[in-house]
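Undergrad: In the working numbering, the protein residues as written are 4 to 182.
For each residue, glycine too, the CB sits at the ideal point set by N, CA and C.
Dumping the structure here so I can ask a few things about it.
Have a look at this one:
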């Protein structure tokens with residue numbers, strides 16, 4: 004793990020660098036990550052997070068400290084089935100490859116390819132505006148929204164094997180969707 008002159012965080016992993024309960028902290032959010040990652044790059048200046056992992060058990064948890072405004076998150080996970088759990092919830096109590104917990108955001112853009120877990124993206128007790136969600140090849144549900152208040156401007160979900168969007172206990176608005 005290292006930080007360069009442009010305030011970018013880089014994580015380059017191989018099998019010998021197993022990441023468990025690691026944290027990236029910025030002024031906007033705290034990101035916890037679990038598993039092996041080929042790339043986990045946070046660029047605070049350009050408001051981008053890039054994630055690549057071929058580990059079928061890898062996932063991230065994001066909890067905002069301020070409103071996460073105008074951020075872009077691009078992720079590509081393994082297309083292999085999860086191996087660490089027989090249940091929908093993994094041993095850490097989360098169901099998504101990307102999990103937002105107790106978070107607030109505005110104009111968030113999400114792009115996710117492949118996810119072997121129960122949910123591609125999971126929002127729990129979160130609120131805000133998502134500008135765009137694009138998902139492809141999700142093993143089960145595309146996006147799971149729990150106990151949240153979220154407005155979504157655009158969503159495009161291709162090849163989710165479960166629910167494209169799963170809404171539970173909250174207030175939600177979807178402007179346009181291609182499912």
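Report the residue from 56, 83, 101 whose alpha carbon sits nearest the alpha carbon of residue 33.
TA: Selected option, being the one with the closest Cα: 101.
Undergrad: Which value, in whole angstroms, describes the spacing of the CA atoms of residue 40 and residue 99?
TA: Between residue 40 and residue 99, the C-alpha separation is close to 16 Å.
Undergrad: Between which two residues does the beta strand (DSSP E) holding residue 167 run?
TA: It is not in any beta strand (DSSP E) - residue 167 carries neither H nor E in the DSSP assignment.
Undergrad: How many angstroms separate the CA atom of residue 167 from the CA atom of residue 145?
TA: Near 5 Å, if we compare the C-alpha coordinates of residue 145 and residue 167.
Undergrad: Kindly give me the distance between the Cβ atoms of residue 156 and residue 133, rounded to whole angstroms, as I take these residues to be in contact under 8 Å.
TA: Yes, residue 156 and residue 133 are in contact; Cβ-Cβ is about 7 Å, under 8 Å.
Undergrad: Nearest to residue 175 by CA position, among 162, 152, 28, 181, is which residue?
TA: Ranking 162, 152, 28, 181 by Cα distance to residue 175 puts 152 first.
Undergrad: Would you report the Cα separation of residue 112 and residue 73, rounded to the nearest angstrom?
TA: Distance between the alpha carbons of residue 112 and residue 73: 7 Å.
Undergrad: From residue 171 to residue 127, what does the alpha carbon distance come to, in whole angstroms?
TA: So the alpha carbons of these two residues sit roughly 10 Å apart.
Undergrad: I'd like to check one pair, residue 45 with residue 29: are the Cβ atoms closer than 8 Å?
TA: Yes, these two residues count as a Cβ contact at 8 Å.
Undergrad: Is it the case that the Cβ atoms of residue 117 and residue 82 are separated by a distance below 8 Å?
TA: Yes.
Undergrad: Between which two residues does the beta strand (DSSP E) containing residue 61 stretch?
TA: Counting along the chain, residue 61 falls outside any beta strand (DSSP E), and DSSP gives it neither H nor E.
Undergrad: Looking only at its own chain, which residues have a Cβ that is under 6 Å from the Cβ of residue 107, when we skip the five neighbours before and after it?
TA: Cβ neighbours of residue 107 beyond the five flanking positions: 67, 70, 130, 131.
Undergrad: Identify whether residue 70 lies in helix, strand or coil by the three-state DSSP scheme.
TA: Coil, per DSSP.
Undergrad: Taking 7 Å as the cut-off, is the CB of residue 129 close to at least one heavy atom of the ligand HEM?
TA: With respect to the ligand HEM, the structure offers nothing, as it holds no ligand at all.
Undergrad: If you draw a straight line from the C-alpha of residue 162 to the C-alpha of residue 61, how long is it?
TA: Going from the Cα of residue 162 to the Cα of residue 61 covers about 20 Å.
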